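So the sequence lines, in the order shown, correspond to chains X and W. Counting along the first sequence from 1, when you hit position 293 you're at 367 in the numbering used here, and nothing is skipped either side. Counting along the second sequence from 1, when you hit position 153 you're at 996 in the numbering used here, and nothing is skipped either side. Here the structure comes first, spelled out in structure tokens, and everything after it is commentary.
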Amino acid sequence: MTDRVGRVLGTQRSSTREFQVLIDDDAYLQLDDLVVVPIEVPGFGEVDTYGIVTEAEAEYEGASFATDTRRIAEEGTLPAETVRTAEVAITRVDPEVWVSPNPGVSVSRATGDARDKALYADDMRRPLPVGVGRDGEPVFVDLDFFDGRKGGHMSISGISGVATKTSFALFFLRLLTGRPEIVGEGANNLRVLVFNVKGEDLLWLDKPNALFDESDRAVWDALGVEPGPFPSVGFWAPARQGGGGVVTPDASGRMTDINPFRWTPREFVDEGLLRFLFTDASDTRNQLSFVEERVRSQLRRWAADIAGEPGAVVLRQPGPGGHREAVSNVAADELIIRDFSDLVSVLERLLDPGDGSDPDLAWTGRVQSGTVAAFVRRLYAAQTRLGHLIAAGESIRIDRQRAQVSVVAIQNLHDLAQRFVVGALLQEVFDEKEESGQRLPLSVVVLDELNKYAPREGSSPLKEMLIDIAQRGRSLGVLLVGAQQSASRVAQEVMENAAIRVAGRLDAAEAERSEYGWMLPSTRARARLLKPGTMVVSQPAIPVPLVVNFPFPPWATRAEEVDHTDDPDPFDVV
Amino acid sequence: MPESSPRVHVEGWDPSYGSPVAPDEGLAPSESEVDTTVETAAWAPIPGEDDGIDEVWFVDGIRRVDARLTIDDGEGMPISGICGSHAVGAVRWDRVGRSSSVEHARIDRLAVSGGGHAIEIVAPPMTYRAASVAGIDPAELVTLFHGSMRTAEARLTAGLADSGAFVIADGPVNDTRPRDVVGYIKTHRVAYLTGPEAGTIRALTPGTRTPLFLLGASGSFARYSWYQRLAVGPEGHGWYGIVRAEVAAAVGLEQARLLADRSAVLLPGVAAPAHTDARAPQNLVPIGALERALRRELGDQALVLRSLRSASVALGAVA
């Protein structure tokens, strides 16, 4: 079960948090190795202390001056002994008698059952592998802390490019969707919404990776998932600007098996999407949000369907019961909204007539005329950036039921439009779950660059929404996998509610921030050096963060990686 | 090299160790016979020669008085005793493998009682074996204790030399048998050389030595001796870094020359740099390390004293 690697060092105090090991001459301990120390506690009996190596050190015992090194190693005139020690952070004491290890006691490598105990794997009801340790064996997270039973959400931090945040998020999703026997009832109808906010990394999840090596297979085998592309993925992209009569997706790289989406004016009004046009953090400081709120509710009251024109609305003063039926008698001077530019001009006529007449107070409220003008200017700005996402006609929405994973490609949109789409879709997911009031089926949302959507400073409807998801999503089964370059720039409420925290390589200054207080000092130091494919994972069930490696993806992450060997030959006409 | 007015030098050794040049009576002329013509009559520094010996052994011992005893026999005045521990060991310098290791370390603990008493003191895990002096002078106790250490050193030195080793032993040679043992003397209490021969000492550079001179030729304990310089100090005085070495005359003149040549070259290489040792450069690096290792073997002094106290309570003695 165990093999001896050394003894508890006697020249330094051991505590209930950490101790040092004097390593045997014929053994070694490296970072992240797991060890176990049996302690005989007088009056109690045997207690096993488990720990993880956080630092390994070596020095000459007997050398007191720097130049002694030369005398020992080069000239050989000074007798000395090489001493190798390892620092161990205690992860567990079993049974729970919190005593420190006695000096001189034998320390063994924890393998098999002892390894499971060191990592609390024996204690987890639903251990889901999230990578492998340095020993090549799986490292687990307790799913109870992700799917909302005891905790929810995952937060991934790290420098762009080398931290492989998105890769880890997808790797996690692959295990989440690939191990239904562990996920349990939550696996049924589990739906994942992934936003592709930059590059095209996520547009090839359904394609095998040509660079995938058979040597990577062993790791996947250890994790219990057959390496292959995601089996069930739907790809969605916003409708292309000026597509004419045909609605085509705007997704640059990917041409096939990708569907467009947009909203009709009716949907825009009903779902109150106007608020996601005002997601700049500065918008709430002035009175724009006040105007927006009023306009939003007025639109909802005034909008009436037009017979024979699906999705379009006409604004009419409602009767006491509101609009019940579609209108068919549209007059030439009535305010018809068929697309976003219609909406803008209609609102301008109501809010800022321009012909000297007073605006309708029911629409503006008593705000300064400058505020109204600013509001209209915002609408014009939005028109050029996301106007094409709103058009009458049949409803073309994202159908999240079509596949287990829905990838939404918004990388080609302007920031403002990206925030609009993210806000609209998150609201859709959240409203749906709020209505049902059920935690199951689970809905997972993957969102990179979280700092753009829920920045620490200021407030915006999108930020409020994300905070709401972070705080209440857990019980509603809406689980956020958020990624960001610096946790310190994301809303605190969002970070605090993530039960599972993950970090790839961190900027040196960033790693020192209190947002990474869950790391040990040694882990922080290492976080600056982590290689792609290596992450630090913290979860409530284990008191120390674990360093895990995750394998190369078997799905393509770039167009060039797509393996075409199994594609049908276009010349092979049957 | 006469000088018009004396120059003052601050000695490099820690003052608590005394001075390397510590004449009892103005560097008293030696009382034993000195024959400065055994190797050559033409006195000038002679360059040493490294004959490429594979291994060099350094032997040294340390001692510590762990506790003072008072033995009260119920009559007359109480009598003194001491509990002392000494450790003796060797450093093997493997010149081929370029490594050094502490070997053959051995501890001995003695309870020396005055007035003819012999009391063994057991303070687990230590046992102080009984030793006795007839008198009641406390100095006698220490002399016996010190002698015990010197005997252990001599035994280890002889054992190593007999197995073919070349040994550098700390202190004068106490062995008349022809063995390859060089006694290494750090401090100068007696002026063996006078006149022009003494001037040769000032002319020494590291790697050279004085010609051999024979000490005590007519006595039972004749040995060949030489001076050599270990290091040149910054602004050192004429005797800076000078040590004296000796071998038993029984080895013969030829062998004595070989050992002297070898030592003249090897010892400067293991001299302690000024900042690393309180007795630099005379305290050789291997010997300094050996002393530290041996001192560790003796155990923590406070802990030793504490167990001796508990042991003496058990014995009914008064510590």
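From the three backbone atoms N, C-alpha and C, an ideal C-beta is built for every residue, glycine too. As the structure is a prediction and not an experimental result, all values here were calculated from the model.
Chain W partners of residue i, CB-CB under 8 Å?
{"i": "G150/X", "result": "W936, D937, R938, G940, R941, S942 and S943"}
{"i": "P177/X", "result": "Correct list: empty, because the minimum Cβ distance to chain W is about 15 Å."}
Give the interface partners of residue i over in chain X, defined as CB-CB distance under 8 Å, in chain order.
{"i": "R1135/W", "result": "G136"}
{"i": "P968/W", "result": "Those do not exist, as P968/W stays about 15 Å from chain X at its closest Cβ, beyond 8 Å."}
{"i": "P1129/W", "result": "T151, L152 and P153"}
{"i": "A1132/W", "result": "G136, L152, P153 and A154"}
Is the separation between the beta-carbon of residue i and that of residue j shorter than 8 Å?
{"i": "V115/X", "j": "V181/X", "result": "no"}
{"i": "R166/X", "j": "L202/X", "result": "no"}
{"i": "D1023/W", "j": "S991/W", "result": "no"}
{"i": "T151/X", "j": "G1112/W", "result": "yes"}
{"i": "R374/X", "j": "D344/X", "result": "yes"}
{"i": "V552/X", "j": "M228/X", "result": "no"}
{"i": "E963/W", "j": "A973/W", "result": "yes"}
{"i": "F494/X", "j": "L351/X", "result": "yes"}
{"i": "S943/W", "j": "V931/W", "result": "no"}
{"i": "D122/X", "j": "D168/X", "result": "yes"}
{"i": "V877/W", "j": "Y1035/W", "result": "yes"}
{"i": "G385/X", "j": "R340/X", "result": "yes"}
{"i": "I896/W", "j": "R1105/W", "result": "yes"}
{"i": "V864/W", "j": "F1056/W", "result": "no"}
{"i": "A483/X", "j": "A378/X", "result": "no"}
{"i": "L279/X", "j": "V307/X", "result": "yes"}
{"i": "T445/X", "j": "L425/X", "result": "no"}
{"i": "Q1125/W", "j": "V1086/W", "result": "yes"}
{"i": "D290/X", "j": "G207/X", "result": "no"}
{"i": "E149/X", "j": "R941/W", "result": "yes"}
{"i": "P1021/W", "j": "V1094/W", "result": "yes"}
How would you list, in chain order, the residues of chain X whose beta-carbon sits under 7 Å from the beta-carbon of residue i?
{"i": "V1113/W", "result": "T151"}
Let me confirm a value: residue i is counted as buried when at least 16 other C-beta atoms fall within 10 Å, else exposed. Which label applies?
{"i": "Y971/W", "result": "buried"}
{"i": "H462/X", "result": "buried"}
{"i": "E523/X", "result": "buried"}
{"i": "R650/X", "result": "Nothing about residue 650/X can be read from this structure; chain X reaches only from 75 to 648."}
{"i": "G869/W", "result": "Confidence in G869/W is poor, its pLDDT being 49 and thus under 50, which makes the residue's placement unreliable; the coordinate value appears in the next sentence. G869/W is exposed by the Cβ-count criterion."}
{"i": "R850/W", "result": "exposed"}
{"i": "A997/W", "result": "buried"}
{"i": "N403/X", "result": "exposed"}
{"i": "L57/X", "result": "Coverage of chain X is limited to positions 75 through 648, which leaves residue 57/X absent and any answer about it impossible."}
{"i": "F449/X", "result": "buried"}
{"i": "M569/X", "result": "buried"}
{"i": "F988/W", "result": "buried"}
{"i": "L1102/W", "result": "buried"}
{"i": "V520/X", "result": "buried"}
{"i": "Q558/X", "result": "buried"}
{"i": "A573/X", "result": "buried"}
For residue i, write down the residues that DSSP places opposite it in a beta bridge.
{"i": "F901/W", "result": "V934/W and I1011/W"}
{"i": "P282/X", "result": "W629/X"}
{"i": "V610/X", "result": "A577/X and V621/X"}
{"i": "G927/W", "result": "V908/W and L953/W"}
{"i": "L108/X", "result": "I126/X"}
{"i": "P203/X", "result": "F214/X"}
{"i": "D77/X", "result": "R183/X"}
{"i": "V162/X", "result": "F93/X and V127/X"}
Using a Cβ cut-off of 9 Å, pull out every chain W residue sitting near residue i, in sequence order please.
{"i": "R158/X", "result": "Simply none; closest approach about 17 Å."}
{"i": "F139/X", "result": "P1116, H1118 and T1119"}
Does chain A have any CB closer than 8 Å to the CB of residue i?
{"i": "R145/X", "result": "Reference to chain A is not applicable here, since the protein chains of this structure are X and W."}
Requested in this report: May I ask you to list, following chain order, the residues of the stretch 247-277 of chain X that have a beta carbon less than 7 Å from some beta carbon of chain W?
Outcome: Going along the stretch 247-277 of chain X in chain order, one finds no residue with a Cβ nearer than 7 Å to chain W.
key: Members of the stretch 75-98 of chain X near chain W, C-beta cut-off 9 Å   = none
Using a Cβ-Cβ cutoff of 9 Å, what residues of the stretch 1094-1128 of chain W are near chain X? List them in chain order.
G1112, V1113, P1116, H1118, T1119, L1127 and V1128
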